[in-house]
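Peer 1: Structure in structure tokens, see below.
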Amino acid sequence: MPTIKLSRVSGDYGFEATDEYGHTVRMDSSTESGGQNFGVRPMQMLLMGLGGCSAIDVIAILKKQRQDVVDYKMVITGEREAGKEPSLWQDITLEFHLYGTIDEDKAKKAVELSLDKYCSVAATLYKADADIKWKVIIHPAV
Numbered sequence: 046m047p048t049i050k051l052s053r054v055s056g057d058y059g060f061e062a063t064d065e066y067g068h069t070v071r072m073d074s075s076t077e078s079g080g081q082n083f084g085v086r087p088m089q090m091l092l093m094g095l096g097g098c099s100a101i102d103v104i105a106i107l108k109k110q111r112q113d114v115v116d117y118k119m120v121i122t123g124e125r126e127a128g129k130e131p132s133l134w135q136d137i138t139l140e141f142h143l144y145g146t147i148d149e150d151k152a153k154k155a156v157e158l159s160l161d162k163y164c165s166v167a168a169t170l171y172k173a174d175a176d177i178k179w180k181v182i183i184h185p186a187v
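First residue of the sequence shown? That's 46 in the numbering used here, and the numbers climb one at a time after it.
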């Protein structure tokens, strides 16, 4: 069973979380809420998790299809519910930037499979009624 250990290490809201493999991430509240900009906000970390989860799926699927992905980037934006506590992610947009000799239809299918079938973070966000939109941008190899 995965185990995360969290410790306060900076000011009132600066925390470090470490997994069972020793990987550490830093988290903090916003400066408006008394944080010190020590680390990423926990809700933004959820978007980062979505990006990482989907990226792993997309690359794995495209590798199986013998697509030559020489670089990969994403831009993830999100909007949270206004005036609610807790304030969940309501609208999320993912831009998949794929670099190399890649068939666009295969890339789109890989993203669709990731977000609709394989990515557990996406499934979690869908269950919280998040609307996830995406687009694929192919940057051809030169």
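Using N, Cα and C, we set each Cβ at its ideal position, and we do this for glycine too. Computed from a prediction, not measured in an experiment: that's the story for all the values here.
Write down the C-beta distance between residue 152 and residue 183 rounded to the nearest angstrom, noting that I regard them as a contact closer than 8 Å.
Peer 2: Working through the sequence shown from its first residue, we reach residue 152 at position 107. Working through the sequence shown from its first residue, we reach residue 183 at position 138. Confirmed, about 6 Å.
Peer 1: Check each candidate in 80, 132, 72 and 65 and name the one with the smallest Cα separation from residue 173.
Peer 2: Looking up residue 173 in the sequence shown gives position 128. Taking only the C-alpha atoms, the option nearest residue 173 is 132.
Peer 1: Which complete beta strand (DSSP E) runs does the region 71-150 hold, if anything under 3 residues is left out?
Peer 2: Counting whole runs of 3 or more residues, the region 71-150 contains the beta strand (DSSP E) stretches 113-125 and 134-146.
Peer 1: Of the residues 128, 54, 105 and 95, which one's Cα is nearest the Cα of residue 82?
Peer 2: Reading the sequence shown from its first residue, position 37 is the one you call residue 82. Minimum Cα-Cα distance from residue 82 among the listed residues 128, 54, 105 and 95 corresponds to 54.
Peer 1: For residue 142, which residues in the same chain have their Cβ closer than 6 Å to its Cβ, ignoring the five residues on either side in sequence?
Peer 2: Taking the first residue of the sequence shown as 1, we reach residue 142 at position 97. Here the set comprises 118 and 182.
Peer 1: Could you tell me whether the Cβ atoms of residue 109 and residue 138 are closer together than 8 Å?
Peer 2: For this step, residue 109 is matched to residue 64 along the sequence shown. For this step, residue 138 is matched to residue 93 along the sequence shown. No; because the gap between Cβ atoms is not below 8 Å, this pair is not in contact.
Peer 1: Do residue 58 and residue 80 have their beta-carbon atoms positioned less than 8 Å apart in this structure?
Peer 2: By 1-based counting over the sequence shown, the position of residue 80 is 35. By 1-based counting over the sequence shown, the position of residue 58 is 13. Yes.
Peer 1: Quick one: using the 10 Å Cβ neighbour count with 16 as the cut-off for buried, is residue 88 buried or exposed?
Peer 2: Along the sequence shown, one-based indexing puts residue 88 at 43. Per the 10 Å Cβ criterion, exposed.
Peer 1: Do residue 76 and residue 69 have their beta-carbon atoms positioned less than 8 Å apart in this structure?
Peer 2: Translated into positions along the sequence shown, residue 69 becomes position 24. Translated into positions along the sequence shown, residue 76 becomes position 31. Contact flag unset, no.
Peer 1: Can you tell me whether residue 156 is helix, strand or coil according to DSSP?
Peer 2: Position 111 of the sequence shown holds residue 156. Three-state DSSP puts residue 156 in a helix.
Peer 1: In this structure, does DSSP put residue 166 in helix, strand or coil?
Peer 2: Taking the first residue of the sequence shown as 1, we reach residue 166 at position 121. Of the three classes helix, strand and coil, the one that applies to residue 166 here is helix, per DSSP.
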